[in-house]
Amino acid sequence: MRHRSTCLLQALSLFLMLGCRFGALTCYLSFSSRSAMPVNQEAAVGSHENLCSPADRQEPLTAGQSGALDMVKETRYCAVCSDYASGYHYGVWSCEGCKAFFKRSIQGHNDYMCPATNQCTIDRNRRKSCQACRLRKCYEVGMMKGGFRKERGSRALRYEKRRNLPRERERATSELQTNDEIRAALQEDGRRNCGGLSVSPDQVLHILLGAEPPTLCSRQKHSRPYTEVTMMTLLTSMADKELVHMIAWAKKVPGFQDLVLHDQVQLLESSWLEVLMIGLIWRSIHSPGKLIFAQDLILDRSEGECVEGMAEIFDMLLATVSRFRALKLKSEEFVCLKAIILLNSGAFSFCSSHVVPLRDSNNVQRMLDNITDALIHFISVSGISAQMQSRRQAQLLLLLSHIRHMSNKGMEHLYSVKCKNKVPLYDLLLEMLDAHRLHTPGRQAWSPGERAHPTSTSNLSTDSAPSPVPDS
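Shown next, in the form of structure tokens:
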């Protein structure tokens, strides 16, 4: 009950600050880019992302804003993992867990090693997954040995501070006005360059290539041969980790952050499994007969047979990997196809009566046109004939319908896993599953009947698989 009360309080606070519905995906959209951001750049983040300490801002407030702020001004969040802060420890607001971790690290051995790329996401759910990245984050946010709260000190110092308070407020107001002007200019420039048509195809390709997430490690504790439970536990755990990186990737797609939060959430909820699948296919392109889920989790078809229905999905994935390999897919083409999947996912949201259509569909379409133009441009400068260029464009885009078909099959399987209740599913993955239920035309959220009868998911409608495209 205590944990549930804490979660409800946190949900209320974030709801007041975000002005929208609360959910794991919404939180990650607001927080995910901050953990990898250098400290000296965080000051330039817009106010819509600065959720850690709203009470610290000294902007003039209206009467209505003051009333709302009074409800949350005492709520502070850990600068390291964004959990509730228990106090001011080692120079920053932090929770008990991060305070104790930093204390242990500076008092004992701290020769931690990151098993990945030193870019692990540190949040409330994942702060224990990588000690090296957690300690790096502690130092990045300003934790230091012997850190103290600046407000405390001798009586003379407090008197001096009160005497200089009007002057400090005047200077802070001036700085805030300057920052607002800079922020407005940056946002306007972003809308003009990213959401519009002025980004060149080469720039789009450069941005998308630089936005690619790292290959993760599963840190698996299960030994082969796998059982149905251990296999699905590994795969769902990896999917949950990849979802966090996928959200960070989406925020780097040109123009994505200029969309309203509703549209960002809807695009991600509609496309997440397709995006994860095309990433899996790309990682596996140079490993015939293998699927590379992680650096330390490489599976073949025979290992997938331990899970009912998984062998069919493995076969479809391996067939698509072979097709990508036969087409000699380039990294530039891959990143364009991946972004097209994300942006095209909301095009037919009106098919479901339970989903509010995109609020800025015109801007999404312009972004999609930019990505498509970049793909066409890359193919056009590859040195092949005009006829071959048109054929290759068609071959690549036709593959997306097959990925959609695999995604629907995979979603059916995940629904079944959820109903069986044998494998633990994480909050973000559960939210994505339920959201996809709403985005599927003619389907509603989980009903009691479906929970009682897992096999009811077998009648979900899926797209028919396209016939194989002949090699060029």
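In terms of mature numbering (1 follows the signal peptide of the UniProt record, and there is no 0), the sequence shown is residues -23 to -1, 1 to 449.
Every residue gets a Cβ at the ideal spot worked out from N, C-alpha and C, and that includes glycine.
These numbers were taken from a predicted model, which means no experiment stands behind them.
Under the criterion of beta carbons closer than 8 Å, I356 and L320 do not qualify as touching, at roughly 19 Å. Counting along the chain, the unbroken alpha helix (DSSP H) around I317 starts and ends at S308 to N321. If you look at L250, you'll find it in the alpha helix (DSSP H) that goes L238 to R260.
At least 7 Å separates the beta-carbon of A271 from that of M209.
Between S384 and M254, the CB-CB gap stays under 7 Å. With respect to the 7 Å criterion, E73 and S82 are not classified as neighbours on the basis of their beta carbons. Judged by DSSP in its simplified three-state form, S279 adopts helix.
K229 and L185 have their C-alpha atoms some 7 Å from each other. Counting along the chain, the unbroken beta strand (DSSP E) around Y65 starts and ends at G64 to H66. By the neighbour-count criterion, in which a residue is buried when 16 or more other Cβ atoms sit within 10 angstroms of its Cβ, A371 is exposed. Within the model, the alpha-carbon separation for S378 versus E117 is close to 43 Å. The C-beta distance from E251 to I318 rounds to 5 Å, short enough to fall under 8 Å. Counted as a single uninterrupted DSSP element, the beta strand (DSSP E) harbouring A271 occupies residues L268 to A271.
For the pair F301 and I262, the CB atoms are nearer than the 7 Å cut-off. DSSP links W226 through a beta bridge to no other residue. Under a 10 Å Cβ-count criterion, Q84 is classified as exposed, with fewer than 16 other Cβ atoms of the shown protein chains found around its own Cβ. Two segments are said to touch when three or more pairs of C-beta atoms, one from each, lie closer than 8 Å; by this definition the region 271 to 283 does not touch the region 334 to 352.
Around the Cβ of Y392, a 10 Å sphere holds 16 or more other Cβ atoms; the residue is buried. DSSP places V57 in the coil class of the three-state scheme, outside both helix and strand. If you draw a straight line from the Cα of F291 to the Cα of G281, it comes to about 7 Å. The residue from I99, C91, F78 and D235 with its alpha-carbon nearest to that of R336 is D235. DSSP places V181 in the uninterrupted alpha helix (DSSP H) bounded by P178 to G187.
Comparing alpha carbon positions, the residue from N102, R101, G119 and Y89 closest to C110 is Y89. In this structure, C91 sits away from Y203, with a CB-CB distance that is not shorter than 7 Å. When DSSP states are grouped into helix, strand and coil, S362 belongs to the coil group. The residues C171, V176, V181, I184, M344 and N347, in chain order, have a CB closer than 7 Å to that of P231 in the same chain once the five nearest residues on each side in sequence are set aside.
Inter-residue distance for M121 and L112 is about 11 Å (C-alpha atoms, whole angstroms). When C-alpha distances from Q243 are compared across G323, A363, C107 and T213, the shortest belongs to G323. As the crow flies, the alpha-carbon of K307 is around 16 Å from that of P178.
Spanning the alpha carbons of L406 and G387 requires a straight line of approximately 13 Å. If you look at V298, you'll find it isn't in any beta strand (DSSP E); it sits in the alpha helix (DSSP H) that goes M287 to A303. R101 and K198 have their C-alpha atoms some 22 Å from each other. Beta bridge pairing from DSSP links V284 with no other residue. For L373, the closest of A412, M293, L304 and H382 by C-alpha to C-alpha distance is L304. The beta carbon of V400 sits closer than 7 Å to those of V206, M209, T210, T213 and V394, all from its chain and outside the five residues before and after it, given in chain order.
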